[in-house]
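Residue numbers (our numbering), protein chains in the order written: chain A, 1 to 200; chain B, 201 to 306.
Backbone N, C-alpha and C fix where the C-beta goes; we use that ideal spot for every residue, glycine too.
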C-alpha cells in the first residue's frame with residue numbers, strides 16, 4: 001500500500017513537472033527511458049533466475065496448481081476481448097496488452113508507453129491499478145460468489161506480494177501456496193504477453 | 201518487432217540470475233528493481249504530462265480503463281470459479297478449510 005502511494009506520487013510529480021515545463025530538454029529524450037526499461041527487464045529476469053521456490057511447491061498440489069495461472073490468463077483475455085468490442089477506437093491487441101498487465105501496473109504501463117505511446121500507457125496504468133484495488137476491496141465478495149480461488153485469479157501478478165494478506169484472510173491459509181505460485185508465474189509472463197501483443 | 205529485445209533482456213537476466221543465484225549481490229536485486237521502477241514511473245509521468253491528448257482526454261481514458269478492468273477481472277473470476285468446481289473442489293484439506301472460513305465469516 002505504502003509502495004503504491006509512493007509509485008503514484010512519483011508518477012504525479014512527473015506529470016506536474018511536464019505540464020509546468022520545468023524540465024530540461026535532455027530528460028525528455030526517449031532513449032534514456034528505453035535504456036532503463038531494458039535494465040528493468042534484465043533485473044526482472046535476474047529475480048526469476050535466482051528464485052528457488054517456484055518448482056518446490058509443485059509437489060504438493062501437482063498439476064492442479066498450474067491450472068490456475070492458465071485459467072487467470074484465458075479468463076482475462078476472454079473478458080478483455082469482449083470489452084474491446086465496446087471500444088471501437090482500440091484494437092483487439094491494444095486491449096489485450098492492457099489486460100495482460102494482470103495488475104502489474106508499473107511494468108505493463110511502462111512497456112506500453114514506450115512502444116505504443118502515453119495514451120494507451122495511461123489506460124494500462126489506471127486499469128491495472130484498479131485491478132489490484134478490486135482485490136483489496138472486493139475479496140470477501142469474490143470468495144462468496146466465485147470460490148476461494150477467485151481473489152487469487154483477480155489479483156493476477158500481485159498475489160505473491162501486495163494482495164497476499166487479503167487472500168490469506170478470505171480464501172484461507174491453505175491457499176497461500178497456490179497464491180504464491182500463481183503470482184510468480186503470472187509475474188513472469190506479464191512482460192512476455194505485453195510485448196507479444198504490442199508486436200502483433 | 202518489440203518482442204525480441206524484450207525477450208532477450210529477460211532471458212539474459214534469467215541466465216545471469218541463475219548463474220549467480222548463490223551470490224549475495226543477487227539478493228539485493230529487489231531493491232535495485234524498486235529504484236528502477238520508481239525512476240521509470242517518473243519518466244512515465246513526464247511522458248503523460250507532456251502529451252496534451254492524454255491530459256485533455258483523461259476522463260474517457262479513465263472510463264476505458266474501468267471497462268477493461270471489469271472485463272478482465274470478471275473473466276478471471278469466472279475462470280477461477282469454474283476451475284474450483286472442476287479441479288479443486290474435492291474432499292481435501294484445502295477446500296474444507298476455506299468453507300469453514302466462509303461459514304465463520306457469515
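- According to the DSSP assignment, residue 138 of chain A belongs to the alpha helix (DSSP H) that extends over 118-146.
- In this structure residue 95 of chain A is in contact with residue 81 of chain A, their Cβ atoms being roughly 7 Å apart against a cut-off of 8 Å.
- Apart from the 5 residues on each side of it in sequence, residue 194 of chain A sits with its Cβ closer than 6 Å to the Cβ of 97, 100, 108 and 111 in its chain, given in chain order.
- With fewer than 16 other Cβ atoms inside 10 Å of its own Cβ, residue 21 of chain A counts as exposed.
- Straight across, the Cα-Cα distance linking residue 212 of chain B with residue 192 of chain A is about 14 Å.
- Secondary structure of residue 253 of chain B (DSSP, three-state): helix.
- Per DSSP, residue 289 of chain B lies in no alpha helix (DSSP H) segment and is marked neither H nor E.
- The three-state reading of DSSP puts residue 102 of chain A in coil, since its state is none of H, G, I, E or B.
- The three-state reading of DSSP puts residue 227 of chain B in helix, counting H, G and I together.
- Residue 85 of chain A is positioned such that its CB atom lies no closer than 8 Å to that of residue 149 of chain A.
- At a Cβ-Cβ threshold of 8 Å, residue 154 of chain A and residue 134 of chain A count as neighbours.
- Taken in chain order, the complete alpha helix (DSSP H) segments of 4 residues or longer contained in the region 150-198 of chain A are 150-155 and 164-171.
- In terms of beta-carbon proximity, residue 247 of chain B lines the interface with chain A, with at least one pair separated by less than 8 Å.
- When DSSP states are grouped into helix, strand and coil, residue 62 of chain A belongs to the coil group.
- Remark: C-beta atoms of residue 146 of chain A and residue 287 of chain B do not approach each other more closely than 8 Å.
- For the pair of segments examined, the region 123-143 of chain A was found to touch the region 256-267 of chain B: the number of CB pairs separated by less than 8 Å reaches three.
- For residue 50 of chain A, the closest C-alpha among the options B:289, B:223 and B:273 is that of B:223.
- Assigned with DSSP and collapsed to three states, residue 51 of chain A falls in coil, not helix or strand.
- Per DSSP, reduced to three states, the secondary structure at residue 205 of chain B is helical.
- Distance from the CA of residue 173 of chain A to the CA of residue 159 of chain A, rounded to the nearest whole angstrom, comes to 13 Å.
- The shortest C-alpha to C-alpha distance from residue 46 of chain A to any of B:276, B:232 and B:243 is the one to B:232.
- Any Cβ of chain B closer than 8 Å to the Cβ of residue 148 of chain A would place that residue at the interface, and such an atom is present.
- Annotated as proximal: residue 15 of chain A and residue 249 of chain B, with beta-carbon spacing under 8 Å.
- Neighbourhood of residue 11 of chain A in chain B, by CB distance below 9 Å: 241, 242, 244, 245 and 248, in chain order.
- About 18 Å separates the beta carbons of residue 275 of chain B and residue 163 of chain A, which is beyond the 8 Å limit, so they are not a contact pair.
- Residue 102 of chain A is positioned such that its CB atom lies no closer than 8 Å to that of residue 18 of chain A.
- Around the C-beta of residue 187 of chain A, 16 or more other C-beta atoms lie within 10 Å, and the residue is accordingly described as buried.
- Sequence-distant Cβ neighbours of residue 37 of chain A in its own chain, meaning closer than 8 Å and more than five residues away, are 110, 111 and 114.
- For residue 231 of chain B, no Cβ of chain A is located within less than 8 Å of the residue's own Cβ.
- Taking a 10 Å sphere around the C-beta of residue 131 of chain A, we find 16 or more other C-beta atoms and assign the residue as buried.
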